[in-house]
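Below is one structure, written out as structure tokens; comments come after it.
In the numbering used here, the protein residues as written are 3 to 230.
This is the structure we're talking about:
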């Protein structure tokens with residue numbers, strides 16, 4: 003069994019499209035009909051996100067943490083209790099490709115750090131997209147870490163201690179813990195996702211905040227160098 007965890011905080015504008023893409027990825031023929039359990043973790047939601055998840059028949063958990071590290075860890079723990087062998091993580095403002103999950107597994111590593119693409123730069127200065135394209139390494143062997151495109155085996159996740167309760171950079175902390183444990187990590191551009199460049203980002207220090215800061219080198223490597 004495979005698990006997909008999506009943390010959500012008032013994401014009704016994005017969630018339906020995200021879940022449509024996730025449902026398609028979970029049904030990829032390349033998974034050979036292996037069961038995929040998708041879980042939406044509603045963190046302090048006051049909008050219609052719960053109803054959107056219900057319309058897809060996707061189970062939800064509710065937390066009142068306003069903390070993405072806690073939300074991801076809560077979802078991961080539930081999936082582990084169900085017996086999943088692999089945990090895949092994305093975000094509510096992200097569209098995964100049809101073979102996203104299968105491509106993670108095909109890397110045959112303890113963990114997979116994928117890249118992100120941005121197709122809509124509306125609301126940003128024209129030069130930002132050009133600078134991102136010139137600076138971002140969307141290729142195998144990159145060193146980017148994004149919670150929107152991350153996978154890890156259940157055993158490696160347990161060994162690393164899971165996500166810490168951080169309001170941002172929880173993905174970076176997990177990968178660092180995996181590296182400290184000697185886990186094999188695939189820095190791959192094969193699992194594809196498209197994420198938003200929205201200005202009303204949910205996590206201070208996350209990808210959206212990094213874009214507004216001009217994505218300094220440290221931010222490109224792990225989205226955020228520090229939390230607000």
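All residues carry an ideal CB built from backbone N, CA and C; glycine is no exception.
Every value quoted in this text rests on a predicted model; they were computed, and no experiment measured them.
query = Given that a residue counts as buried once 16 or more other Cβ atoms are within 10 Å of its Cβ, and exposed if not, what is residue 121?
reply = Stepping through the chain shown from its first residue, residue 121 is reached at position 119. Exposed, because fewer than 16 other Cβ atoms sit within 10 Å of the Cβ of residue 121.
query = Expressed to the nearest angstrom, what Euclidean distance is found between the alpha-carbon atoms of residue 11 and residue 44?
reply = Working through the chain shown from its first residue, we reach residue 11 at position 9. Working through the chain shown from its first residue, we reach residue 44 at position 42. C-alpha separation (whole angstroms): 6 angstroms.
message = So for residue 195, helix, strand or coil by DSSP?
response = Working through the chain shown from its first residue, we reach residue 195 at position 193. Correct three-state label for residue 195: strand.
inquiry  = With distance defined between alpha-carbon atoms, name the residue in 108, 147, 50 nearest to residue 18.
reply    = By one-based count along the chain shown, residue 18 stands at place 16. Closest option to residue 18, Cα to Cα, is 50.
query = Any idea if residue 181 is buried or exposed, counting beta-carbon neighbours within 10 angstroms, 16 or more meaning buried?
reply = Here residue 181 refers to the residue found at position 179 when the chain shown is read from its first residue. Counting Cβ neighbours within 10 Å, residue 181 comes out exposed, since fewer than 16 surround it.
request  = Pull up the distance between the alpha-carbon of residue 62 and that of residue 76, whole angstroms please.
outcome  = What you label residue 62 is simply residue 60 of the chain shown in a count that begins at 1. What you label residue 76 is simply residue 74 of the chain shown in a count that begins at 1. Between residue 62 and residue 76, the C-alpha separation is close to 11 angstroms.
inquiry  = Runs of 4 residues minimum, wholly inside the region 101 to 188: which ones carry the alpha helix (DSSP H) assignment?
reply    = 102 to 108, 128 to 137, 156 to 162, 172 to 182
Any 3 or more C-beta pairs closer than 8 angstroms across the region 70 to 87 and the region 136 to 145 = no
ask   = Which class does residue 6 belong to by DSSP, given the choice of helix, strand or coil?
value = For the purposes of this step, residue 6 is taken as residue 4 along the chain shown, with counting starting at 1. Residue 6: strand per DSSP, three-state reduction.
query = How would you label residue 176, buried or exposed, when you count the other beta carbons within 10 angstroms and need 16 or more for buried?
reply = As a working mapping, residue 176 is identified with position 174 in the chain shown. With 16 or more Cβ atoms within 10 Å of its Cβ, residue 176 is classed as buried.
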